[in-house]
């Protein structure tokens, strides 16, 4: 990554100010609790990383479904076809992402397979949610 004013000066300064602001309320007792209960700190740090992965993959999935819905609607396809295309766009091949990330001859990085695994779980939830919403919507349009 190329260093410029933003990455070399502004971001470190902004992070320093944010961290300083968050740390102003800490007391010596807070640090004692970290030493006494390190397990909670380790779990929290690990969970923060996984929550970020979940958020990014959920945004990717919802944006892809929204684009599929918009394009299918703009082409004036029927409601059932719009629903089918949107669900198809939303349920992509998460297994392929895991395989590409894990295969020794390709990326060979199990860590890179984590977003694919999370996406593989979330895509069914969002796809089913959209299918349910669409069936309710089509039922209301008929009534």
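Residue numbers (the numbering used here): 7 to 149. Beta carbons: idealized from backbone N, C-alpha and C, even for Gly. Everything numeric in this text was worked out from a predicted model, so none of it was measured.
Next item on the list: Report yes if the CB atom of residue 97 is closer than 9 angstroms to the CB atom of residue 122, and no otherwise.
Entry: no
Notebook entry, point to check: What do you reckon, are the CB atoms on residue 80 and residue 91 nearer than 9 angstroms?
Noted result: no
Note to self: Quick check on residue 144: does DSSP put it in helix, strand or coil?
What the structure shows: helix
Note to self: Comparing C-alpha positions only, which one of 86, 60, 43 sits nearest to residue 138?
What the structure shows: 86
Checklist line | C-beta contact flag for residue 73 and residue 88 at 9 angstroms | finding: no
Check: In angstroms, rounded to a whole number, what distance separates the CA positions of residue 65 and residue 33?
Finding: 37 angstroms
Notebook entry, point to check: Counting only runs that start and end within the stretch 76-101, where is the alpha helix (DSSP H) found for 4 or more residues in a row?
Noted result: 85-96
Note to self: Considering only the alpha carbon of each residue, which of 70, 15, 60 lies closest to residue 127?
What the structure shows: 60
Check: Since residue 129 and residue 67 are thought to touch, with beta carbons under 8 angstroms apart, how far apart are those beta carbons, to the nearest angstrom?
Finding: 6 angstroms
Check: Any heavy atom of the ligand ATP closer than 8 angstroms to the CB of residue 36?
Finding: No copy of the ligand ATP occurs in the structure displayed, which carries no ligand at all.
Check: Just the Cα atoms here: how many angstroms apart are residue 131 and residue 113?
Finding: 28 angstroms
Next item on the list: Assign residue 13 to one of three DSSP states: helix, strand, or coil.
Entry: helix
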